[in-house]
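Participant: Just passing along the structure, written as C-alpha cells.
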Amino acid sequence: MAPRVENLTSDPGEPGHHRGTTFAPRGAEVVRLAAHAMGTRFEVVLCGAEAAWLRAAGEEALHEITLFHDRLSRFDPASIVSRINRTATRGPMHIDHLTFDILSRCVRYALGTQGAFDITVGPLMSAWGFRGGQTDSTPSNGELAALRERVGPNILRLDPDTGTVRLLHPEAEIDLGGIGKGLAIDAAAVLLREAGVPGALIHGGTSTIFAIGKGPDGEPWRVSLPAEITRDDWAVFELRDEALSVSATWGRSRESGEVLYGHVLDPRSGRPLEGRGYSVIRTASACEADALSTALLVLGSSELVLHRYRPSFVRVEPAPASDSEPTLPQPGDLREVLGGSSGTISSNGSPPATPN
Amino acid sequence: MDRRTFLKTGSMIPIASALGTRTRASAAGTRREIDGQISVAVIGFGFWGREIATTLERMPEVRLAAIVDTYDVMLTRAERAHPAAARKSDYRQVLDDASITTVIVATPTHLHRQIVEDALAAGKHVYCEAPLAATVDDARAIAKAAAARPAQIFQSGLLMRSHPEYRSVFQFIRSGALGMPTMARAQWHRKESWRRASPNRQREIEQNWRLDEEVSIGLVGELGIQQFDSSLWLLDRRPESISGFGQVMLWDDGRDVPDTVQLVLGTTGGLKMLYDATLTSSFDAAYEMFYGRDSTIMLRDGRGWMFREVDAPQLGWEVYARKDQFYRERGIALVANATSLDAQGIDPAADDPNAETPLYFALREFVENHFFGPYPPAAGYKEGFEATVLAIKANEAVIANGTVHLEPALFTV
Numbered sequence: 096m097a098p099r100v101e102n103l104t105s106d107p108g109e110p111g112h113h114r115g116t117t118f119a120p121r122g123a124e125v126v127r128l129a130a131h132a133m134g135t136r137f138e139v140v141l142c143g144a145e146a147a148w149l150r151a152a153g154e155e156a157l158h159e160i161t162l163f164h165d166r167l168s169r170f171d172p173a174s175i176v177s178r179i180n181r182t183a184t185r186g187p188m189h190i191d192h193l194t195f196d197i198l199s200r201c202v203r204y205a206l207g208t209q210g211a212f213d214i215t216v217g218p219l220m221s222a223w224g225f226r227g228g229q230t231d232s233t234p235s236n237g238e239l240a241a242l243r244e245r246v247g248p249n250i251l252r253l254d255p256d257t258g259t260v261r262l263l264h265p266e267a268e269i270d271l272g273g274i275g276k277g278l279a280i281d282a283a284a285v286l287l288r289e290a291g292v293p294g295a296l297i298h299g300g301t302s303t304i305f306a307i308g309k310g311p312d313g314e315p316w317r318v319s320l321p322a323e324i325t326r327d328d329w330a331v332f333e334l335r336d337e338a339l340s341v342s343a344t345w346g347r348s349r350e351s352g353e354v355l356y357g358h359v360l361d362p363r364s365g366r367p368l369e370g371r372g373y374s375v376i377r378t379a380s381a382c383e384a385d386a387l388s389t390a391l392l393v394l395g396s397s398e399l400v401l402h403r404y405r406p407s408f409v410r411v412e413p414a415p416a417s418d419s420e421p422t423l424p425q426p427g428d429l430r431e432v433l434g435g436s437s438g439t440i441s442s443n444g445s446p447p448a449t450p451n
Numbered sequence: 003m004d005r006r007t008f009l010k011t012g013s014m015i016p017i018a019s020a021l022g023t024r025t026r027a028s029a030a031g032t033r034r035e036i037d038g039q040i041s042v043a044v045i046g047f048g049f050w051g052r053e054i055a056t057t058l059e060r061m062p063e064v065r066l067a068a069i070v071d072t073y074d075v076m077l078t079r080a081e082r083a084h085p086a087a088a089r090k091s092d093y094r095q096v097l098d099d100a101s102i103t104t105v106i107v108a109t110p111t112h113l114h115r116q117i118v119e120d121a122l123a124a125g126k127h128v129y130c131e132a133p134l135a136a137t138v139d140d141a142r143a144i145a146k147a148a149a150a151r152p153a154q155i156f157q158s159g160l161l162m163r164s165h166p167e168y169r170s171v172f173q174f175i176r177s178g179a180l181g182m183p184t185m186a187r188a189q190w191h192r193k194e195s196w197r198r199a200s201p202n203r204q205r206e207i208e209q210n211w212r213l214d215e216e217v218s219i220g221l222v223g224e225l226g227i228q229q230f231d232s233s234l235w236l237l238d239r240r241p242e243s244i245s246g247f248g249q250v251m252l253w254d255d256g257r258d259v260p261d262t263v264q265l266v267l268g269t270t271g272g273l274k275m276l277y278d279a280t281l282t283s284s285f286d287a288a289y290e291m292f293y294g295r296d297s298t299i300m301l302r303d304g305r306g307w308m309f310r311e312v313d314a315p316q317l318g319w320e321v322y323a324r325k326d327q328f329y330r331e332r333g334i335a336l337v338a339n340a341t342s343l344d345a346q347g348i349d350p351a352a353d354d355p356n357a358e359t360p361l362y363f364a365l366r367e368f369v370e371n372h373f374f375g376p377y378p379p380a381a382g383y384k385e386g387f388e389a390t391v392l393a394i395k396a397n398e399a400v401i402a403n404g405t406v407h408l409e410p411a412l413f414t415v
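In the order they appear, the protein sequences are chains A and B. Counting with my numbering, you get residues 96 to 451 for the letters of the first sequence. Counting with my numbering, you get residues 3 to 415 for the letters of the second sequence.
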C-alpha cells in the first residue's frame, strides 16, 4: 500500500498541480526524498521556500537515518549492536554516549512497560521462526524456559560511571529493531529543525511517523490509518510536531495448527501474541511511540501503562478475531479513546499508516 | 589481564602489533609511559567530525576533552552527543590548553593548513583528515611542519592504510595472487546534491565549501583520494599521468563543481586505473577492483573477494575458503587474519568478529601510537602529502577536461 499523507493527496496530472501538490501556495516548494534503511523505506516530505535548500536539509536528515541504520543493524558486523552482542557477553564494553543513552532509554521503556518492550527478546524471536530460517518451529515449554534465562531487562547492565554495557548471559543479545526507526526519525527531525525547515513529515515504512510544523496547505499534517484497520471508514490524525506509530500483530504472522501467531512476542511469557490486534500511539517522540506501540499490543488493556504515560497515548485495541480479517473498532469507539487529545476522526481520508 | 588474554578476548586488539603489515614501535624501545587516558580535541564538528568524536568515545584510552566549531548549531549538537566534552569556538583555546595533547583536524579542507601548523607548533599530536589541503603549497607546508617534528605524531586520514582487510589484501597482491596486475578500476556512486542547508545564509555559503570551485577540489579530491591512495599502495605503483573529465549532469543549481567525474590514472609499468564518481546515481555504491592474469580482487564495504581465472594455478587454501556468489561469478572471501581467528576458535569463514569501520581502525592506530610509539604511521605526512597532490592534480585534470603529467618532483616534500 502506498503511503499517503492527506495534505499531499493529488494527482500530478490534474490542473493546478504545482511541484507535487495542489495545495502548495504560490512560491512554496514541496520536496520528497527517500532512502532504504533498517529493512524499510524512509521518506521525508519537506515544504518551504526553496527546493534546493529543502533537498539539502532532507538529504542530511536521511543521512542521519542511514547512520542510525549503520549503528543499530544487527546484520552489519561493524555496527555497535553487533559489537555489543559479540563482546559485552564477555565483560563490560566501553560505548559512546549516544549508544549509552539509547540503551538507557530502552531499559526505562522495559521497566515502564513491565517488560512488554524488551530489546533482549531476540533469542525468543529466533526460536519462534520470526527471524527467517525455520518458520514453523514451536518451541517446547522447556525450551522457552531455557531461552527466557537469556531475556529480560535485567540481562542488560549499564554502568554510567564507566560508560560500559554488559550482557549478563553468554548467549544474550540485543536487537533495537523495535525502536530503531523511532530513534532515527527523532534524530532526523532535530536536524531538520536546526536547518530551519518550517514543515516536514518523516516516516519509516509508514508505521512510524513524525510531523514538523504544518503541511504545504498550511494545515497540520493529516495521516490516516490503513483500510485493513478501519475497513470502510477512516481514522485521520492531525499531527503537528508530533509522532505517530502503529503496531499490529499481523503482517509477518504465521499459523500453527489452528492458532494464528502474530510476529509480536510477549517477552514475559516467551510466546507470540495470538489473534489480531493493533495499537496506535501518538506522542511527542517517535522513539517513544515506536517502543510503546509494540508494548501496548503486548499489554492489552493494562491501565498501568495508560496511566503512566497519559495523555500522550492514544490506544486502540480490537478484540482478537479468529477469522482472516481483523476485528475492527467502530469509528465511534476510536473517537471515544481519542477524547481529550487533539486527534480527530473524519471520513474524508484514506490510509497511509501501515502497522509495523 | 595478560597480553595473551587481551589479544584473545578484547575488541581492542592493537593494530600495530596484531594487524600490521610491518612491525614497529615498541621494538625500538621507545614505548611511552602514559598513565590513564590521552586528552583529545576534535576541531570541526561537521558530519565527519561527529563520526570521529563518536568513534573516539568508544576507546577507553581516550578522553574526548573538547570539540571546536565556529558554528553554534554544531556546538549544540556537540553538547547533545558529548556532554562531557568542553565546547570551544576557537581552536586556539585547545592549543593553549596544556592538558590536551592531541588534536584531530576535521574542518573544511582549505582551512587545514593554519590549524595544523599552529597545532604542531603548540606541541600537539595531530591527525589531519585527507586530503591534507586544497593546494599543493598548503599540503607541502603541512608535510614540512610534520616532518620537522618527528617526536610528535602526525597521521593523515588515509583510512584504508590502517584497515586490516586492506592490509591482508596488500599481502595477497604483493605475494602475487593476481598474477601479473593488468588494470584497476574504482568507483564512488551516491545520489545526493552534496549541498548543506542552514537557516543562516552566510553559514550556508561556508558550509557549502565543497561546491565552491575557488576552494573545493571536487569529488575526486574529497573522495577519490582514498581509492586512488589505497589502489596505488596495494599495487605498489607511482602515478605518472592523470586524465579527467567532469560535468554537471544532474544538480544544475548554479554550481560549477562537477557532479560526475571520470578519470584515467596512468601509473608506472603502464598499468592504468579507471575511476568514476558521481552524485547522480547510487547504483553499485563504491568499490575497488584489481585485475590480473590469474585473478581479480574486489574490495567493497571493508571486505574482499578474489575471482580466479579458470586457467590459474589453484591455491592450496581456496578449497576451504568461503565462496560468495556475484551473479555468475563465485568470489573467494578474503578474510583478514584468518589464521589468528582460527587459533582463537573463531570460524574464519563467518563474518569478521573484529569488524569495525575504516575510521575506527585509523583512529585506533593513531591512539595506539601515543602508547606504543612514536613510530611512523601507516599514513604519515609523506603518504598524506603524495595522495593530496595526486587528488589536487586529478581535480585539475577534471576541470581542464584534459591530461596532467605528474613529474616525480611534484611529490617531493
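Idealized CB from N, CA, C, for every residue including glycine. Bear in mind the structure is a predicted one, so any value in this text is a computation, not a measurement.
Just to confirm my understanding: we take Thr111(B), look at its own chain, exclude 5 residues before and 5 after, and list those with CB closer than 6 Å. What are they?
Facilitator: Mapped onto the second sequence, residue 111(B) falls at position 109. Same-chain partners within the cutoff: Pro133, Ala136.
Participant: Examine the Cβ distances between the stretch 120-137 of chain A and the stretch 274-283 of chain A and report whether three or more of them are shorter than 8 Å.
Facilitator: yes
Participant: For Asp326(B), would you say it is in contact with chain A, using Cβ-to-Cβ distances shorter than 9 Å as the test?
Facilitator: By one-based count along the second sequence, residue 326(B) stands at place 324. Taking Cβ atoms only, chain A never reaches closer than 9 Å to Asp326(B), which makes this a no.
Participant: For Ala179(B), does the three-state DSSP call read helix, strand or coil?
Facilitator: Taking the first residue of the second sequence as position 1, residue 179(B) is located at position 177. Ala179(B) falls in the coil class under three-state DSSP.
Participant: Which partner residues of Glu331(B) appear in the DSSP bridge assignment?
Facilitator: Taking the first residue of the second sequence as position 1, residue 331(B) is located at position 329. Note: Glu331(B) sits in a beta bridge opposite Phe328(B).
Participant: I'd like to confirm the pairing. Which residues does DSSP put opposite Gln249(B) in its beta bridges?
Facilitator: By one-based count along the second sequence, residue 249(B) stands at place 247. Per DSSP, Thr262(B).
Participant: Identify which residue in Trp316(A), Arg169(A), Thr259(A) has its Cα closest to the Cα of Arg226(A).
Facilitator: Within the first sequence, numbered from 1, the residue matching residue 226(A) stands at position 131. Looking at the Cα atoms, Arg169(A) is the closest of the given residues.
Participant: Name the chain B residues that come within less than 7 Å of Ala151(A), Cβ to Cβ?
Facilitator: The residue labelled residue 151(A) in the question sits at position 56 within the first sequence. Here the neighbours are Ser195, Arg197, Arg198, Ala199.
Participant: Let me see if you follow: with CB-CB separation under 9 Å, is Ala357(B) close to chain A or not?
Facilitator: Translated into positions along the second sequence, residue 357(B) becomes position 355. Output row for Ala357(B): interface = yes.
Participant: Take Leu213(B) and list the residues in its own chain whose beta-carbon comes closer than 7 Å to its own, dropping the five residues that flank it on each side.
Facilitator: Walking along the second sequence from the start, residue 213(B) turns up at place 211. These residues qualify, in order along the chain: Trp196, Arg197, Arg257, Val259.
Participant: Please report the residue range of the beta strand (DSSP E) in which Ala338(A) lies.
Facilitator: Taking the first residue of the first sequence as position 1, residue 338(A) is located at position 243. Run containing Ala338(A): 337-343, per the beta strand (DSSP E) assignment.
Participant: Just to make sure I have the definition right: I need the residues of chain B whose C-beta is within less than 9 Å of the C-beta of Ile190(A). Which are they?
Facilitator: Here residue 190(A) corresponds to residue number 95 of the first sequence, with the count starting at 1. Under the 9 Å cutoff, chain B gives Glu59, Arg60.
Participant: Could you tell me whether any Cβ in chain B is nearer than 9 Å to the Cβ of Ser388(A)?
Facilitator: The residue labelled residue 388(A) in the question sits at position 293 within the first sequence. Judged by the 9 Å Cβ criterion, Ser388(A) is not in contact with chain B.
Participant: For the beta strand (DSSP E) that contains Pro367(A), what are its first and last residues?
Facilitator: As a working note, residue 367(A) is residue 272 in the first sequence. Unbroken beta strand (DSSP E) run through Pro367(A): 366-369.
Participant: Rounded C-beta distance between Val64(B) and Gln95(B)? I'm assuming under 8 Å.
Facilitator: Position 62 of the second sequence, counted from the start, is the residue given in the question as residue 64(B). Position 93 of the second sequence, counted from the start, is the residue given in the question as residue 95(B). That belief does not hold up - the Cβ atoms of Val64(B) and Gln95(B) are roughly 19 Å apart, past 8 Å.
Participant: At the level of alpha carbons, what is the spacing between Leu253(A) and Thr259(A)?
Facilitator: By one-based count along the first sequence, residue 253(A) stands at place 158. By one-based count along the first sequence, residue 259(A) stands at place 164. Distance between the alpha carbons of Leu253(A) and Thr259(A): 6 Å.
Participant: Helix, strand or coil for Phe212(A)? Go by DSSP, reduced to three states.
Facilitator: Locating residue 212(A) in the first sequence gives position 117, where the first residue counts as 1. Coil at Phe212(A), not helix or strand.
Participant: Just to confirm the assignment: which complete beta strand (DSSP E) runs, minimum length 3, are found wholly within the stretch 81-117 of chain B?
Facilitator: 88-90, 104-107
Participant: Does the ligand PLP have a heavy atom nearer than 8 Å to the CB of Ala55(B)?
Facilitator: As far as ligands go, the structure on display features none, and thus does not contain the ligand PLP.
Participant: Is there a C-beta anywhere in chain A that falls below 9 Å from the one on Arg94(B)?
Facilitator: As a first step, residue 94(B) must be located in the second sequence, where it is residue number 92. No, Arg94(B) lies away from the interface with chain A (no Cβ there is under 9 Å from its Cβ).
Participant: For a quick check, are the C-beta atoms of Arg175(B) and Phe309(B) less than 9 Å apart?
Facilitator: For the purposes of this step, residue 175(B) is identified with residue 173 of the second sequence, where counting begins at 1. For the purposes of this step, residue 309(B) is identified with residue 307 of the second sequence, where counting begins at 1. The displayed chain sequence assigns Ile, not Arg, to residue 175(B). No, they are not a contact pair.
Participant: Quick check for students: name the residue ranges of the alpha helix (DSSP H) that lie wholly in the stretch 148-220 of chain A, counting only runs of 4 or more.
Facilitator: 175-182, 192-207
Participant: Which first and last residues belong to the alpha helix (DSSP H) in which Leu237(B) is found?
Facilitator: Here residue 237(B) corresponds to residue number 235 of the second sequence, with the count starting at 1. Its alpha helix (DSSP H) spans residues 227-237.
Participant: In chain A, what lies closer than 9 Å to His84(B) by C-beta?
Facilitator: Counting from 1 along the second sequence, the entry for residue 84(B) is found at position 82. Chain A residues near His84(B): Asp191, His192, Leu193.
Participant: Opposite Phe305(A) in the DSSP bridges: which residues?
Facilitator: Here residue 305(A) refers to the residue found at position 210 of the first sequence. Answer by DSSP bridge pairing, in chain order: Ile297(A), Ala338(A).
Participant: Could you please give me the residues that DSSP links to Lys384(B) through a beta bridge?
Facilitator: Taking the second sequence and counting its residues from 1, the one referred to as residue 384(B) is at position 382. In the DSSP output, where bridge partners are listed per residue, Lys384(B) has none listed.
Participant: Is DSSP giving Leu141(A) helix, strand or coil here?
Facilitator: Counting from one through the first sequence, the residue named residue 141(A) turns up at place 46. Looking at Leu141(A) - three-state DSSP - the assignment turns out to be strand.
Participant: Applying the criterion that 16 or more other CB atoms from any shown protein chain within 10 Å of the CB defines a buried residue, is Glu216(B) buried or exposed?
Facilitator: Looking up residue 216(B) in the second sequence gives position 214. Flag for Glu216(B) reads exposed.
Participant: If Glu337(A) and Arg377(A) are in contact, beta carbons under 8 Å, what's the gap, nearest whole angstrom?
Facilitator: Start at 1 with the first residue of the first sequence, and residue 337(A) comes out as number 242. Start at 1 with the first residue of the first sequence, and residue 377(A) comes out as number 282. A Cβ-Cβ separation of about 6 Å places Glu337(A) in contact with Arg377(A) under the 8 Å criterion.
Participant: Out of curiosity, what's the CA-to-CA distance linking Leu206(A) and Arg79(B)?
Facilitator: Against the first sequence, residue 206(A) aligns to sequence position 111. Against the second sequence, residue 79(B) aligns to sequence position 77. Going by the C-alpha atoms only, they are around 29 Å apart.
Participant: Kindly list the residues whose CB is nearer than 6 Å to the CB of Glu155(A), restricted to its own chain and excluding five residues on each side of it in sequence; keep chain order.
Facilitator: Within the first sequence, the letter at position 60 stands for residue 155(A). Only Leu286 meet the Cβ criterion.
Participant: Assign Asn180(A) to one of two classes, buried (16 or more other C-beta atoms within 10 Å of its C-beta) or exposed (fewer than that).
Facilitator: To locate residue 180(A), count along the first sequence from 1; it is residue 85. Under this definition Asn180(A) is a buried residue.
Participant: Which two residues bound the contiguous alpha helix (DSSP H) that contains Trp50(B)?
Facilitator: Indexing the second sequence from 1 puts residue 50(B) at position 48. Trp50(B) -> alpha helix (DSSP H) spans 49-59.
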